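Participant: Numbering (mature numbering (1 follows the signal peptide of the UniProt record, and there is no 0)), first residue to last: -37 to -1, 1 to 561. Positions of the beta carbon are idealized from the N, C-alpha and C atoms, including for glycine. Nothing here was measured: the structure is a model prediction, and the numbers come from that model.
#1: Go to residue 173, then tell me how far its beta strand (DSSP E) extends in each direction, as first and last residue.
#2: Where do the ends of the alpha helix (DSSP H) carrying residue 347 lie?
#3: Taking the C-alpha atoms as reference points, what is the distance between residue 485 and residue 455?
#4: With a threshold of 6 Å on Cβ separation, who are the neighbours of residue 6 within its own chain once the five nearest residues in sequence on each side are excluded?
#5: By a C-beta neighbour count over all protein chains shown, 10 Å radius and 16 as the cutoff for buried, is residue 385 buried or exposed?
#6: According to the Cβ coordinates, are residue 409 and residue 470 closer than 8 Å?
#7: Indicate the three-state DSSP secondary structure (helix, strand or coil) for residue 444 in the structure shown.
#8: Got a sec? Which residues, its chain only, sit under 7 Å from residue 315 by beta carbon, not counting five neighbours each side?
#9: Would you grab the beta carbon distance between residue 111 and residue 180 for me? Rounded to a whole angstrom, and I think it's under 8 Å.
#10: When you compare only the Cα positions, how much space is there between residue 554 and residue 382?
#11: So, under 8 Å CB-CB, residue 237 and residue 250 are touching, yes? Tell me the CB distance rounded to an integer number of Å.
#12: Assuming the contact rule is C-beta atoms closer than 8 Å, residue 262 and residue 225 should be a hit. Round their C-beta distance to whole Å, please.
#13: In this structure, does DSSP put residue 449 in helix, strand or coil?
#14: Spatial neighbours of residue 390 within its chain, please: CB distance less than 6 Å, with the 5 preceding and 5 following residues excluded, ordered by chain position.
#15: Does residue -2 come out as helix, strand or coil in the three-state DSSP assignment?
#16: Taking just the CA atoms, how far does residue 275 sit from residue 294?
#17: Might you give, ordered along the chain, the residues of its own chain that have their beta carbon closer than 6 Å to the beta carbon of residue 38, omitting 5 neighbours on each side?
#18: Mind checking whether residue 211 and residue 172 have CB atoms under 8 Å apart?
#19: Do residue 413 and residue 446 count as a contact pair if the criterion is CB distance below 8 Å?
#20: DSSP beta-bridge partners for residue 75?
#21: If residue 273 and residue 297 are in contact, beta carbons under 8 Å, what's the gap, nearest whole angstrom?
#22: Measuring only the C-alpha atoms, how far is residue 56 from residue 82?
#23: Can you tell which of 450, 500, 547 and 440 has the C-alpha that lies nearest to the C-alpha of residue 482?
#24: Measuring CB atoms only, is the segment 151 to 159 touching the segment 67 to 82, in the sense that at least three cross pairs come out at less than 8 Å?
#25: Tell me, please, which residues DSSP counts as bridged to residue 236.
#26: Could you give the distance in angstroms between the alpha-carbon of residue 176 and the alpha-carbon of residue 191?
#27: Expressed to the nearest angstrom, what Euclidean distance is found between the alpha-carbon atoms of residue 487 and residue 448?
#28: Is it buried or exposed for residue 393, if we count other Cβ within 10 angstroms and need 16 for buried?
#29: Please report the straight-line C-alpha distance between residue 1 and residue 140, rounded to a whole angstrom.
#30: Thinking C-alpha only, which one of 527, 122, 547 and 371 is nearest residue 93?
#31: Can you tell which of 233, 170 and 525 has its C-alpha closest to the C-alpha of residue 240?
#32: Using the rule of at least 16 other Cβ atoms within 10 Å of the residue's Cβ for burial, across every protein chain shown, is residue 463 buried or exposed?
#33: Could you please give the first and the last residue of the uninterrupted beta strand (DSSP E) stretch that includes residue 131?
#34: In or out: residue 428 buried (at least 16 other Cβ within 10 Å) or exposed?
#35: For residue 259 and residue 168, I'd like the C-alpha separation in whole angstroms.
#36: Please classify residue 558 as buried or exposed, where buried requires at least 16 other C-beta atoms within 10 Å of its C-beta.
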């Protein structure tokens, strides 16, 4: 994807392989907030994306889970949203301007010194061996200053597009460093799409450091004023230990004393590297050589204790190291993990909406130029002033005055038993999975059920070393080993007696509804201090339950208390479906109805 020259119109046809999708990083720095600015607003992720390859409008979204994104504003609006060959923006040669404005196309954003700042680069930067960055700033995410080019010196004779000392430049991205300076990364060399050779790239990552970036302008008063000051170092080549002649879409993430670089290798494979955060003498070490393949523009952030990686789906490219049928679809996807090295979730399509509820994400096949949001950045915002701007802008455009913040990316207001899931999380009975999901439609397995009931009982003191393990299939390495032995010690479970007389627990078996009835009834009898005083006067007969049904008495108790009402069939009768596995969101409801925890 081309980084735009603000003084000339450039083609948008190569948008699919150029820009760093989500240069995500934790927004930090910023001066101390005033008392009024320090009003408490939740931390939030702010994303800016290109609408599509055709519509290069820079659009801002906010998110609290990394999957669902709410549109809150636009910056530079594409004048020709159905034309992929032009990205001139609204305001061009108007209001006294003799110059054009352009959409950033693949914008990168930071919060710094009381402003939001967007970054891009001119794609034909290397005519005088300088990398030309393009910047704009805003105080409110609505009014943006006219773009200003900033020249960065590049060492002579280190990179070329094959035409003398000229080079191509793509995918500029930036992030604020722990010391308050700003790190920039861009790829320089020969970009095949600029020379009628798409996907034939020879590109190398370069970095520079902005020592100071300051402004006094207010774009809401005068957008044409962009006299901010910049002090920038010479560019340096990033020499990663594992060689490649094609690395594009680099982006930064800083955590404590470490700088992380995420970048696309050989057109398709997305990797993570690290080095000391000051970037003075980089010592690069591989963290993850392949987070995801078949996507581009990797970028990394951390929100609510989880790492998130955002990438853009590759619509057509199928190089030798990743042969597959092209999908001809585009759109931003996210993954999450508790660790950078491993454990990444499967990719989830970013879901974008406006305040009317209109879905802005389609991921339609054979619509690679018309679909999005794509190719942008997402930052985690923790600064009080910046958060206030974002949340107030959200309210200003018509979103409801409050937003329910859910603990899991796959839980929202439309999820079945959402209030029960929230209660289950708030009480600490569940923490979900390491990728930040709850997986409400997954069957609950017996070893997880043991953990739920143990926590429902208040996590009582229990010494496994003083307890006999009755189950041959349970060891100290079994997940929830302690909770399983506790459950057995209470008599809530007895497991199975096998033919040889041994006992098994079968921890990975799904809990059936009839077994769940037995577990809850026994818990109710064993731990009255942790349950509600239930009314047992409700009458409900199940057509599929009789005296021969396993745990029939427990099922009847469950129905008379109203913990489970079963299913109403077409003929008006009710069924319990005792052999049906219990899914996690239903278990949340059952436990909430039973428990006296608030």
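Facilitator: Taking the structure as given:
#1: 165 to 177
#2: 347 to 359
#3: 6 Å
#4: The beta carbon of residue 6 lies closer than 6 Å to those of 345 in the same chain, with the five residues before and after it left out.
#5: buried
#6: Yes.
#7: In this structure, DSSP gives residue 444 a helical state, which the three-state scheme calls helix.
#8: 24, 32, 34, 323, 324 and 336
#9: Not really, about 10 Å apart at Cβ, beyond 8 Å.
#10: 12 Å
#11: 5 Å
#12: Contact check for residue 262 and residue 225: beta-carbon distance about 6 Å, within the 8 Å limit, so the pair qualifies.
#13: helix
#14: 560
#15: Low local confidence applies: a pLDDT of 42 at residue -2 is under 50, so the model's placement there is unreliable, with the coordinate-based value given in what follows. Coil at residue -2, not helix or strand.
#16: 6 Å
#17: 21 and 107
#18: Cβ atoms of residue 211 and residue 172: not closer than 8 Å.
#19: yes
#20: 78
#21: 5 Å
#22: Take the alpha-carbon of residue 56 and the one of residue 82: they are about 22 Å apart.
#23: 450
#24: no
#25: 224 and 249
#26: 7 Å
#27: 19 Å
#28: buried
#29: In this prediction, residue 1 scores a pLDDT of 45, lower than 50, which makes its location untrustworthy; no coordinate-derived value is stated.
#30: 122
#31: 170
#32: exposed
#33: 131 to 139
#34: exposed
#35: A direct Cα-Cα distance of roughly 15 Å separates residue 259 from residue 168.
#36: It is buried - the Cβ of residue 558 has at least 16 other Cβ atoms within 10 Å.
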